[in-house]
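J.: The sequence shown begins at 94 in this note's numbering and counts up by one.
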Amino acid sequence: MSKTILITGSTDGIGKHLAMKLASEGHEVILHGRNSEKLRVALSDIQR
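1. I'd like the list of long-range same chain contacts for K142, defined as Cβ closer than 8 Å, with 5 residues on each side in sequence excluded.
2. Assuming K131 and T101 make a contact with CB atoms under 8 Å, what is their CB distance in whole Å?
3. For L99, collect the residues of the same chain with a Cβ closer than 6 Å to its Cβ; drop the 5 residues on either side in sequence, then sort them by chain order.
4. Could you please give the first and the last residue of the uninterrupted alpha helix (DSSP H) stretch that includes H120?
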């Protein structure tokens, strides 16, 4: 059963790792961060 999950601080460290893990398990992940460029990079990394 997939869930929609909001992860704050998802551009670095534990937040980014968690976002990648949950997305790979089929969950819909909503990224949140203060730096839009880092968010773009994180999204690109997760989509690979």
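Every residue gets a Cβ at the ideal spot worked out from N, C-alpha and C, and that includes glycine.
T.: Concretely, from the data shown:
1. With the chain represented from 94 up to 141, any question about residue 142 goes unanswered, as that position is not in the structure.
2. By one-based count along the sequence shown, residue 131 stands at place 38. By one-based count along the sequence shown, residue 101 stands at place 8. With 8 Å as the limit, K131 and T101 do not qualify as a contact, their Cβ atoms being about 13 Å apart.
3. Within the sequence shown, numbered from 1, the residue matching residue 99 stands at position 6. These residues qualify, in order along the chain: I123.
4. Sequence index remark: in the sequence shown, residue 120 carries index 27 (1-based). If you look at H120, you'll find it isn't in any alpha helix (DSSP H); DSSP assigns it neither H nor E.
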